[in-house]
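Student:
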Amino acid sequence: MNSQTVMQSPGTKKFPHSQFQGESSPLLHLRHVTCAYHSQHPAVRDISLSVNQGEILCLLGPSGCGKTTTLRAIAGFEKVMIGEIYINGRLVSSPTVHWPPDKRRVGMVFQDYALFPHLCVADNIGFGLNQWEDSQRKSQIHKMIELVGLADLERRYPHELSGGQQQRVALARALAPNPVMLLMDEPFSNLDPDMTIKMRKELYHLLRQTKTTSILVTHDHDEAFAMADQVAVLHEGNLVQCDTPETIYHVPSCPFVAEFVGQADFIPGNIQNGKVETELGAFTNQGGYEGGANVLVMVRPDDLQITKVGAGNARIESRQFRGSENLYAIRLASGRLVHCSASSTEIYDVDAPVGLTIIATHTVLFEHQS
Ligand code: ADP
Ligand code: MG
0 MNSQTVMQSP GTKKFPHSQF QGESSPLLHL RHVTCAYHSQ HPAVRDISLS
50 VNQGEILCLL GPSGCGKTTT LRAIAGFEKV MIGEIYINGR LVSSPTVHWP
100 PDKRRVGMVF QDYALFPHLC VADNIGFGLN QWEDSQRKSQ IHKMIELVGL
150 ADLERRYPHE LSGGQQQRVA LARALAPNPV MLLMDEPFSN LDPDMTIKMR
200 KELYHLLRQT KTTSILVTHD HDEAFAMADQ VAVLHEGNLV QCDTPETIYH
250 VPSCPFVAEF VGQADFIPGN IQNGKVETEL GAFTNQGGYE GGANVLVMVR
300 PDDLQITKVG AGNARIESRQ FRGSENLYAI RLASGRLVHC SASSTEIYDV
350 DAPVGLTIIA THTVLFEHQS
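Counting in numbering that gives the first Met the number 0, the sequence shown runs from 0 upward without gaps.
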């Protein structure tokens, strides 16, 4: 039996597949890739994924899960211990093959941008164009400066630029040699939150406009959801799910993914007469769990609605105002806590008794070990 089962009622929401699925062979293909700094403890294990032309893939996960290692292996800065990496159908990494980064024709934006402090903006951007003919080089630098909106700043040095401007230089430098793919390691981590949102939108439009195949590393699920066609979630060096943002959120492959990408509660249930009986009510058992089986039902805040106030077995524990909504923590009769979102104008008192109704359009079940 699957450890995770999705039940979706007919006529309800469908989660989109990547718009690029089914097209010709992928631009990037990782096959069972393992990389290790110390042979006993691989930093990433058995990673397989594909990225198609023009697609944006986000590598998402907490600190230390192996995002940078995976990106550096693709760029050619780390060797692979097991497995293969193909770019444009060519084998570029395996235990016996290793193409250097410049031969792979990938552009890289490092976490700290790694700009050359002694070079001005134009020379930073033109750094990878040494082999180009002079007039072509000048014209490409000019084109990149226009593309990232740095006109009038081309003679400035990195220390004379804001964080956002430095990031644009790093982006322009990576894009200047017309790479087959752009790799970015947490490109917004040095920016303040307002700037991050602005630069994220700019980057998104730039990548779409130029149809640049990209891999973006982030630990922020909002960022991954906003940017990606596909999100690859890493946990302790393993790829635990690679799917569209919608599928990652609504149909997570395991409780780790469920909690990493949003608020999730897990309610114990038991299969009785073909249904999953829980203290919130009965859910359909379309996953084929056998009678008597113990499962966990994943409940998101938007799966529940407060329908009775002043009566009911549950009690409001706290309210968190989030601008566009209120997030309520609600204590069930069993003592278990669940979370429920309500509109920003729906304000209920703490301690008020309430009743809850399930409005989930699909249900995700996990095996309950205990
Ligand atoms: P992330 O980018 O997701 O934070 P990393 O890929 O940097 O994760 O790290 C994955 C694992 O590899 C971590 O356990 C980290 O400590 C280890 N690691 C990363 N770089 C090195 C290195 N240069 N030498 C030894 N271990 C490293
Ligand atoms: Mg990292």
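For glycine and all other residues, C-beta sits at the position ideal for the given N, C-alpha and C.
Here the structure is a predicted model, which means the values were calculated and not measured.
Hey, which residues come within less than 6 angstroms of the ligand ADP, measuring from Cβ to any heavy atom, in chain order?
Tutor: Taken from the N-terminal end onward, the list reads Y36, A42, G60, S62, G63, C64, G65, K66, T67, T68.
Student: Could you tell me the distance, in whole angstroms, from the CA atom of L390 to the CA atom of G163?
Tutor: The first residue shown for the chain is 0 and the last is 369, placing residue 390 beyond what the model contains.
Student: Does the Cβ of V108 lie closer than 7 angstroms to at least one heavy atom of the ligand MG?
Tutor: Checking every heavy atom of the ligand MG against the Cβ of V108, none is found closer than 7 angstroms.
Student: Tell me D264's beta-bridge partners as DSSP assigns them.
Tutor: Partner(s): V298.
Student: Quick one: complete alpha helix (DSSP H) runs, 4+ long, within the region 138-208?
Tutor: Listed in chain order, they are 162-174, 192-208.
Student: Can you name the start and end residues of the alpha helix (DSSP H) that I73 belongs to?
Tutor: Looking at the DSSP string, the run of the alpha helix (DSSP H) that includes I73 is 66-74.
Student: Measuring straight from C-alpha to C-alpha, what distance separates I214 and I266?
Tutor: Going by the C-alpha atoms only, they are around 35 angstroms apart.
Student: Assuming contact is defined by CB atoms lying nearer than 8 angstroms, are I270 and E245 in contact in what I supplied?
Tutor: Cβ atoms of I270 and E245: not closer than 8 angstroms.
Student: In the DSSP output, what is F320 paired with across the bridge?
Tutor: Its beta-bridge partners are N325.
Student: Report the residue ranges of all beta strand (DSSP E) runs contained in full by the region 92-138; include only those spanning at least 3 residues, in chain order.
Tutor: For the region 92-138, whole beta strand (DSSP E) runs of length 3 or above, ordered along the chain, are 105-108.
Student: If you draw a straight line from the alpha carbon of L206 to that of L114, how long is it in whole angstroms?
Tutor: So the two alpha carbons sit approximately 21 angstroms from each other.
Student: With 16 as the cutoff for other CB atoms within 10 Å, does V363 come out buried or exposed?
Tutor: With 16 or more Cβ atoms within 10 Å of its Cβ, V363 is classed as buried.
Student: Excluding the 5 residues preceding and the 5 following H158 in the sequence, name in chain order all residues of the same chain whose CB lies nearer than 7 angstroms to its CB.
Tutor: So the qualifying residues of the chain are P116.
Student: Return yes when at least one heavy atom of the ligand MG lies under 7 angstroms from the C-beta of V216, else no.
Tutor: Answer for V216: yes, Cβ within range of the ligand MG.
Student: Sort out for me which residues DSSP pairs T33 with in a bridge.
Tutor: According to DSSP, T33 bridges with I81.
Student: Which two residues bound the contiguous alpha helix (DSSP H) that contains V256?
Tutor: Where V256 is concerned, the enclosing alpha helix (DSSP H) stretches over 254-259.
Student: For R314, list the residues DSSP reports as bridge partners.
Tutor: R314 pairs with R330, P352.
Student: Which one of K142, G127, T306, D302 has the shortest CA to CA distance from D101?
Tutor: Looking at the Cα atoms, G127 is the closest of the given residues.
Student: Quick one: residues in its chain with C-beta nearer than 6 angstroms to the C-beta of I124, no 5 flanking neighbours on either side, listed in chain order?
Tutor: So the list reads I140, M143, A171, R172, A175, once near-sequence residues are dropped.
Student: Taking the C-alpha atoms as reference points, what is the distance between E132 and A121?
Tutor: Going from the Cα of E132 to the Cα of A121 covers about 16 angstroms.
Student: Work out the CA separation of E235 and G63 for me, nearest whole Å.
Tutor: Cα to Cα, the separation comes out at about 7 angstroms.
Student: Check for me: the beta strand (DSSP E) holding I46 runs from which residue to which?
Tutor: It spans 40-50 - the beta strand (DSSP E) in which I46 sits, taken as one unbroken run.
Student: Give a single yes or no on whether E185 has its beta carbon closer than 7 angstroms to a heavy atom of the ligand MG.
Tutor: At least one heavy atom of the ligand MG is nearer than 7 angstroms to the Cβ of E185, so yes.
Student: Report the CB separation of V108 from P186 in whole angstroms; it is logged as a contact under 8 angstroms.
Tutor: Yes, they are in contact, since the Cβ atoms of V108 and P186 sit about 5 angstroms apart, within 8 angstroms.
Student: Would you identify the three-state DSSP class for D242, choosing helix, strand or coil?
Tutor: Note: D242 maps to strand in three-state DSSP.
Student: With a CB to CB cut of under 6 angstroms and the five nearest residues on each side skipped, what residues in its chain are close to V230?
Tutor: Contacts found: C57, L59, A223, P244, I247.
Student: With C-beta atoms as the reference, is S317 less than 8 angstroms away from V353?
Tutor: Result no, Cβ atoms of S317 and V353 do not sit closer than 8 angstroms.
Student: Return the bridge partner residues of R335 from the DSSP annotation.
Tutor: DSSP, once it has assigned bridges, lists no residue as partnering R335.
Student: Considering E376, what are the terminal residues of the alpha helix (DSSP H) in which it resides?
Tutor: With the chain covering only 0 through 369, there is no way to say anything about residue 376.
Student: What residues in its chain sit with their C-beta under 7 angstroms from that of T195, if we drop five residues either side in the sequence?
Tutor: These residues qualify, in order along the chain: F187.
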